[in-house]
Structures are given as structure tokens and as C-alpha cells.
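Q:
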Amino acid sequence: MLSIALLSATPCIYADQVPSAPAEKYEQIDASAPPRWRSPPRIYENLPAIPEGTYKLTVMITADREGKVIQARISSNSTMPVLDHYVVTQVSKARLYPYGRNGVARPFQVEQPYIIMNNKPKAWWKKLFGF
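Residues 6 to 136 (our numbering) are what the sequence shown spells out, left to right.
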């Protein structure tokens with residue numbers, strides 16, 4: 006019985022040897038002008054169970070040329086990790102209008118501040134039993 010093994014003539018290329026594509030430059034938008042939302046984040050729908058109070062946080066949003074959110078991350082947190090994670094998730098699902106200069110759409114970054122007010126008082130029996 007004769008077995009033949011064929012070896013490939015092309016060399017194996019590893020991930021660290023592949024030339025990387027040039028990173029896109031993101032236009033930094035001034036934080037004083039709020040971003041224009043095509044479909045805004047739905048922050049107050051299904052808000053997680055958090056204690057009463059006012060929470061401030063800022064989200065750094067990176068979007069592509071079409072306005073799709075590529076990345077959302079917390080740049081200043083609210084001291085409530087559950088709330089921070091929830092806001093980042095909702096912002097990631099949202100969509101912005103494209104940002105352009107001289108008629109050319111560009112990928113961009115913008116910081117979006119949020120103030121979340123949870124002023125819903127608990128029912129008396131929840132306060133009584135510590136829920």
C-alpha cells in the first residue's frame with residue numbers, strides 16, 4: 006500500500022504577520038452640541054432596579070460613517086455598575102445620524118452625558134420588609 010502526502014507550497018501566515026489595515030481616524034465632535042439621534046437609546050424603558058436617587062454618567066460613543074454605534078463605553082461612571090451596563094447596552098442599540106463635513110460622511114466620536122433620575126418611591130410594604 007502506498008500513501009502520498011502532499012505538502013502545500015504556500016507558506017502559513019500567522020495573525021501577527023498579517024499587515025494590519027490602517028486605523029480609521031475618528032472625528033471628535035464637540036460635547037457642547039449633543040449628537041443627533043436617528044433612533045434614540047431607550048434608557049427609561051425597563052430601567053434596572055436601582056435605589057432612589059439621581060445618577061450622572063457619561064458615555065463615549067464611537068460611530069461609523071452611517072451613524073451605526075460601533076462602541077459605547079463609560080467615560081465617567083454613575084457608581085452603579087448595573088446602571089452603567091444597562092445604559093451602554095441601550096446606547097449600543099441606538100443609531101445616530103451620520104456626521105459629515107463638506108458633504109463627506111466621517112466616522113466620529115462624541116461624549117454624551119446622562120442624568121438618570123429614579124424617583125419612584127417604593128410601595129410601603131417593600132420598605133417595611135426591605136425589598
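C-beta atoms are modelled at their ideal positions from N, C-alpha and C, and glycine is treated no differently.
1. Which of the three DSSP states is assigned to Pro-86 in this structure?
2. I need the boundaries of the beta strand (DSSP E) containing Asn-123, first residue and last residue.
3. From the DSSP output, in three-state form, read off Lys-30 for me.
4. Name the DSSP beta bridge partners of Gln-76, please?
5. Should Pro-112 and Tyr-60 be called a contact, given that it needs their Cβ atoms to be closer than 8 Å?
6. Which residue comes first and which comes last in the beta strand (DSSP E) that contains Ser-44?
7. Are Asn-123 and Glu-57 closer than 8 Å when you measure CB to CB?
A: Taking the coordinates as given:
1. helix
2. 113–123
3. coil
4. Thr-67
5. no
6. 42–44
7. yes
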